[in-house]
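There are 2 protein chains.
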Amino acid sequence: MTVEIIAVGTEILLGNIVNTNAAYLAEKCAELGLSCYHQDVVGDNEERLMETIRLALTRADIILLSGGLGPTQDDLTKEAAAKVMGKTLYLHEPSKEAIRQFFAERNLEITENNWKQAMVPEGAVVVENPGGTAPGIIIAENGKHVVLMPGPPGELIPMFEKSIMPYLAGLASGVIYSQTVKICGVGESKAESMVEDLVDAQSNPTIATYAKIGEVHLRVTATAPDEKEAKKLVKPMVKELKGRFGNHVYTTDSEVTLEKAVVDLLAANKLTACTVESCTGGMLSARLINVPGVSEVFKSGYVTYSNKSKRKLLGIKKNILMKHGAVSEQIAREMAKTAAALARTDVSVSTTGIAGPDGGTPEKPVGLVYIGCNVCGRVTVKECRFHGSREKIRESTVSAALSLLRECILQYYSEVTFGGKEK
Amino acid sequence: MTVEIIAVGTEILLGNIVNTNAAYLAEKCAELGLSCYHQDVVGDNEERLMETIRLALTRADIILLSGGLGPTQDDLTKEAAAKVMGKTLYLHEPSKEAIRQFFAERNLEITENNWKQAMVPEGAVVVENPGGTAPGIIIAENGKHVVLMPGPPGELIPMFEKSIMPYLAGLASGVIYSQTVKICGVGESKAESMVEDLVDAQSNPTIATYAKIGEVHLRVTATAPDEKEAKKLVKPMVKELKGRFGNHVYTTDSEVTLEKAVVDLLAANKLTACTVESCTGGMLSARLINVPGVSEVFKSGYVTYSNKSKRKLLGIKKNILMKHGAVSEQIAREMAKTAAALARTDVSVSTTGIAGPDGGTPEKPVGLVYIGCNVCGRVTVKECRFHGSREKIRESTVSAALSLLRECILQYYSEVTFGGKEK
């Protein structure tokens, strides 16, 4: 079956917001095995909206619309879709009640125009919106399915996952099942070449490669009459990928991020950690703190951006700073050592580098970064050379730091185990 | 004149990449005063591409296409556009030479398919691509302008700014000039109501309101026969807005961010600063460190996420923590006081709050945040209640902290000046 994605909103046409809904919906449709040949954006204009929906109906079986379901006169998506499908609107009592409750819970006053959101086309499936007041709507007729969703991603995504995705999966023939193998510490092109033969030979399951900053995700997707069968197809391929990438696979759970994998690894080994950042300036600690429950393992973070703070806060000697410069293997090492002592943690991670755009020299160019990892007194320093903007270099540094920390902990425990050493 | 924006690429239809080119081009077209009613995405399929271009030609004067200019067989945008416009392709020698040079400079070998990129439609304007091998192309005929640009933003943006934008400006009648008044510490709806009369009465210049997290931007845009005239129209409106929002206006320079305004204010007053973060976990320091030259004023950052680190690193008494809880006015105050003493800075900013999704109670719900500001010993604590996801609450906290810091510094100096106090 084919799908067409239409985002509605003048703010997208003016470039005030990026159309992330289209990317999100497109990715989910690809997962469902639905073919998408067109995406459109149209403003809050009834005539153009109707034209766009009509055209989409000639090209696709399923039309996903987002935006334009708000309470104002400008919000016209529902009205336009109903007109195209020849439906009249009626007041949907459960939606009215949901809106009333939504406002009551927040101690807000309802204005008259809010009831507009409870009007739905006759014969439509009304989909609950736990995050807002505009219900989702599905109008199905003559093998065509027109799906209306609210524009804010905070409302659209939960609604799509809870209600729309199962509906679409029901339309698709058979079941689609995906599993993602997430890899760190291996570059994109190397990872691609390592699975080239599998990709060339793929049919069911398929393998798709997604490069993230400092990570590569391999998504294995199978289609089968039922979920059990689909899982059976995915399993051996995931096993094969785990075999090829070994320890670089940090998870096969789509919900687990690299920072969560690191926090879990720390927790499993009862290790406490601190960060000490120069070029990343707090981004590393901020990313770790994204993980719920991090307070069990993460103790303190230091941002020692200036040389003075490296000296005063960490007690790094002036002569070492002068001799090697702040961006050096030695300073990354000193930072990792002194921070762990100061915070009294088992583990510490340090970053120091030149994020640019200025400050580069022929010997120490923009993008040169040192990352230090201290695991129970054993310090490893990695030299990296990143490319791109100041932002990109700093983000790459954070990912590389998480990846290195994971590697150093695994390494430490494998040696402790095999070498008979004790922590 | 009207414009339609078409992004070409199967990777966008699959949701593998977000269509940021469309947002970029849309924003620039709005600046140029071009009306955009449609954006489309289509894959690398000649038939569908041709259909999409044909349809766009019925709806708009200018068609901006991005993507599909690469050297492979999949890249079909140029071929499709040439067919629609009835043009044949020929080998453009200067483009061939530019491609040869591009490869020579990088010590790369040219493969035969690279010459495909030097083929251009007869009669087209060929636009240099300093960042890559695919030249830009403009086909103009019968009052229609079809513009082809490479897909990678690193090639598209410089090409657009250098060559395409002046071309489009030449098509538009007159000159467009904009200035942005950036405001912090005033909510979106309050800011909108404060300019409602101006927006209602607007003609030339126009006022557009953009809400950012913790900020509101007001863009004043005028059209006139020349730049001088346009600036003359913008100036009194900017003055009016500055009068209405007073100290809440932190800049009228589109390049200046809130963090830069804060860093500049610190530098102008020769103040040094540190951060001490709990719920924001390093995001505040990371944002300050975005500003080049920040090392003059920013000394150290502390991430004291756990109670233990608040005690050990900052020396906050256990009984204060027990009595008030980590998320409290008192702890925000203690954090701001102790951090400034520890880092020996004039100024410090602290954050402590419940970012969620868990950890909220009826007394201290998710979104409750305290921000402390210490300016030369005078500590101000602000209680905030934010809404949304964990991420949104933390980002709102960072913006509010920057805004509060700015306010406290301005307040301090106005009192020092008027009250005759000395720093």
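Going down the list, the protein sequences come from chains A and B.
Add 178 to the 1-based position in the first sequence for this note's numbering, that's all there is to it.
Add 178 to the 1-based position in the second sequence for this note's numbering, that's all there is to it.
A virtual CB, placed ideally from N, CA and C, is assigned to each residue, including glycine.
What you are looking at is a predicted structure, and each value in this text was computed from that prediction instead of being measured.
- For B:LYS390, no alpha helix (DSSP H) segment is defined; the enclosing uninterrupted segment is the beta strand (DSSP E) at 384-390.
- The beta carbon of A:MET415 sits closer than 6 Å to the beta carbons of PRO383, VAL398 from its chain, once the five residues preceding and following it are set aside; these are given in chain order.
- In this structure, B:VAL527 sits near B:GLY550, with a CB-CB distance shorter than 8 Å.
- With 16 or more neighbouring CB atoms inside 10 Å of its own CB, B:GLN357 falls in the buried class.
- In this structure, the beta-carbon distance from B:GLU182 to B:ARG237 falls below 8 Å.
- Around the beta-carbon of A:LYS501, fewer than 16 other beta-carbon atoms lie within 10 Å, marking it exposed.
- Under the DSSP definition of a beta bridge, B:HIS395 partners with B:LYS360, B:TYR388.
- In the three-state DSSP reduction, B:ILE467 falls in the coil class, being neither helix nor strand.
- B:LEU203 is the residue among B:LEU203, B:TYR268, B:PRO470, B:LEU491 whose C-alpha sits nearest the C-alpha of B:GLY245.
- Assignment of B:HIS502 by DSSP, reduced to helix, strand and coil, places it in the helix class.
- Counting along the chain, A:GLU319 sits inside no alpha helix (DSSP H); it lies in the beta strand (DSSP E) bounded by residues 314-319.
- In this structure, DSSP gives B:TYR483 a state outside helix and strand, which the three-state scheme calls coil.
- The beta carbon of B:ASP442 sits no closer than 8 Å to any beta carbon of chain A.
- Residues of chain B whose Cβ lies closer than 7 Å to the Cβ of A:LEU269 do not exist, since the nearest Cβ in that chain is about 28 Å away.
- Taking CB atoms only, B:GLN295 has no neighbour in chain A less than 8 Å away.
- Annotation: A:THR530 has no Cβ neighbours in chain B at a cutoff of 9 Å; minimum Cβ distance is about 13 Å.
- Proximity of B:ASN285 to chain A, defined by a Cβ-Cβ separation below 8 Å, is not satisfied.
- Annotation: Cβ neighbours of A:GLN217 in chain B (cutoff 9 Å, chain order): ALA185, ILE190, LEU191, ASN197, GLN217, ASP218, VAL219, VAL220.
- When B:ALA510, B:LYS488, B:THR523, B:VAL481 are compared, the shortest CA-CA separation from A:LYS486 is found for B:THR523.
- Under the three-state reduction of DSSP, A:SER567 is assigned to coil, being neither helix nor strand.
- With distances taken between CA atoms, A:THR558 lies nearest to A:LYS515 out of A:GLN279, A:ASP536, A:LYS322, A:LYS515.
- Proximity of A:ALA234 to chain B, defined by a Cβ-Cβ separation below 8 Å, is not satisfied.
- Spatial neighbours of A:ILE277 in its own chain (CB-CB distance under 8 Å, excluding positions within 5 residues in sequence) are listed in chain order as ILE288, ASN292, TRP293, GLN295, ALA296, THR311.
- Under the 8 Å criterion on CB atoms, A:SER574 is classed as non-interfacial with respect to chain B.
- Listed as beta-bridge partners of B:LYS322 by DSSP are B:GLU319.
- With fewer than 16 other Cβ atoms from the protein chains shown falling within 10 Å of its own Cβ, A:THR250 counts as exposed.
- Nearest C-alpha to B:ILE335 among B:LYS570, B:ASN199, B:ILE509, B:VAL359: B:ASN199.
- Looking at the backbone, the Cα of A:PRO540 and that of B:GLU374 are separated by about 55 Å.
- Counting other Cβ atoms within 10 Å of its Cβ, A:VAL377 stays below 16 and is therefore classed as exposed.
- At a cut-off of 3 residues, the continuous stretches assigned as beta strand (DSSP E) that sit fully inside the stretch 524-576 of chain B are 525-531, 546-553, 556-563.
- Contact between B:GLU333 and B:MET263 is absent: CB atoms are separated by about 23 Å, not below the 8 Å threshold.
- Contact between the stretch 480-494 of chain A and the stretch 415-425 of chain A is absent: fewer than three C-beta pairs spanning the two stretches fall below 8 Å.
- One Cα belongs to B:GLY392, the other to A:THR430, and the distance between them is close to 37 Å.
- Using a Cβ-Cβ cut-off of 8 Å, A:LEU491 counts as an interface residue toward chain B, since at least one Cβ of chain B sits closer than that to its own.
- For B:HIS395, same chain residues with a beta-carbon under 6 Å away, outside a window of 5 residues either side, are THR358, LYS360, TYR388 in chain order.
- Spatial neighbours of B:ILE195 in its own chain (CB-CB distance under 8 Å, excluding positions within 5 residues in sequence) are listed in chain order as GLY187, GLU189.
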